[in-house]
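Numbering that gives the first Met the number 0 applies: residue 0 is where the sequence shown begins, and numbers increase by one.
The beta-carbon is built from N, C-alpha and C at its ideal position, and this holds for glycine as well.
Since the structure is predicted, the reported quantities are computational estimates derived from the model, not experimental observations.
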Amino acid sequence: MSKEAGNGVLGKLTGSALKFIYRLHISGQDSVPSAGPVIFHIEGDELLSGPALKAVSPRPVQLIVSGALNEVFLGGSQILAGDIALDGFGFGAAEQAIAVLNAGGTVAFVGEQPPLGYLVAASGATIVPVRITGAGGRVRTDPPRPGSRISIVFEAPIQIAVQGDPCALATVQEVAEQVRQARADAQA
0 MSKEAGNGVL
10 GKLTGSALKF
20 IYRLHISGQD
30 SVPSAGPVIF
40 HIEGDELLSG
50 PALKAVSPRP
60 VQLIVSGALN
70 EVFLGGSQIL
80 AGDIALDGFG
90 FGAAEQAIAV
100 LNAGGTVAFV
110 GEQPPLGYLV
120 AASGATIVPV
130 RITGAGGRVR
140 TDPPRPGSRI
150 SIVFEAPIQI
160 AVQGDPCALA
170 TVQEVAEQVR
180 QARADAQA
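Set out below in structure tokens:
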């Protein structure tokens, strides 16, 4: 599988440009499952967090556009790159993401929308936390200086056994808490 997993020509060009302009430091790619549904939960909402992840992902990934990237592009332009625009509370994005996951694909997002617990409960996907630093400028919507280092760390995968109705708030909250606890335990 290609290390440059952008969707289509625009995604590959974006990945190539990022690799040319910035020093990308990547670790933990080997821990990403090679098959089955995977959610990359990005920690670090900087302008180039999502595009940097797409540039180095060991699997093709569809990015749920939110946070700083959404502020700059207002959602629409990233659809051309094969990504998922965040709409309001994220219901439409959640439906699209679950369809990708149920087909065995990979999605990535920053933040709380759509809810991580819901995506995991509805799809049974493995979560791979990803820490990204250096992907932004002084202001949240500014890119980093050319030549600066962007660090992308793929953490150990987290698999949650979902019990209950994936549409029930209690189930979604329980799954989200299990993910939070697993991440806290891994960092301790």
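Here's the rule: buried if 16 or more other CB atoms are within 10 angstroms of the residue's CB, otherwise exposed. What is Ile78?
Any reading at Ile78 is ruled out, since the residue's pLDDT is 46, under 50, leaving its predicted position unreliable.
Could you give the distance in angstroms between the alpha-carbon of Lys18 and the alpha-carbon of Ser48?
13 angstroms
Compute the Euclidean distance between the alpha carbons of Val109 and Glu154, then round it to the nearest angstrom.
15 angstroms
Sub-7 angstroms separation of Val174 and Ala92 beta-carbons
no
C-beta contact flag for Gly43 and Ile131 at 7 angstroms
Contact annotation: Gly43 and Ile131 have beta-carbon atoms nearer than 7 angstroms.
Taking Cβ to Cβ, would you say Pro128 is nearer than 7 angstroms to Gly136?
no
Less than 7 angstroms between the beta carbons of Ile25 and Pro145, yes or no?
no
Taking C-alpha atoms, which residue in Ile151, Val37 and Ala183 lies nearest to Glu45?
Ile151
Which residues does DSSP pair with Glu42 in a beta bridge?
Arg130
In three-state DSSP terms, what is Ala51?
Ala51 falls in the helix class under three-state DSSP.
Quick test of your reading: Val55 and Pro114, contact by CB under 8 angstroms. State the CB separation rounded to the nearest angstrom.
Rounded, the Cβ-Cβ distance is 26 angstroms, inconsistent with contact.
With DSSP as the reference, label Val31 as helix, strand or coil.
coil
Among all the DSSP beta bridges, which residues are the ones paired with Ala107?
Phe39 and Leu62
Cα-Cα separation between Ala98 and Pro36, rounded to whole angstroms
One C-alpha to the other measures close to 10 angstroms.
Those residues which DSSP pairs with Thr170 across a bridge
Looking at the DSSP assignment, Thr170 forms no beta bridge with any residue, so it has no partner.
The beta strand (DSSP E) with Ile151 in it runs from where to where?
Run containing Ile151: Arg148 to Phe153, per the beta strand (DSSP E) assignment.
CB contact flag (Gly133, Ser147, <7 angstroms)
yes
Go through its chain and collect everything with a Cβ distance to Pro156's Cβ below 8 angstroms, but skip five positions before and after it.
Ser30, Val31, Pro32, Val37, Thr125, Ile126 and Val127
Using DSSP's beta-bridge definition, name the partner residues of Thr125.
Val37
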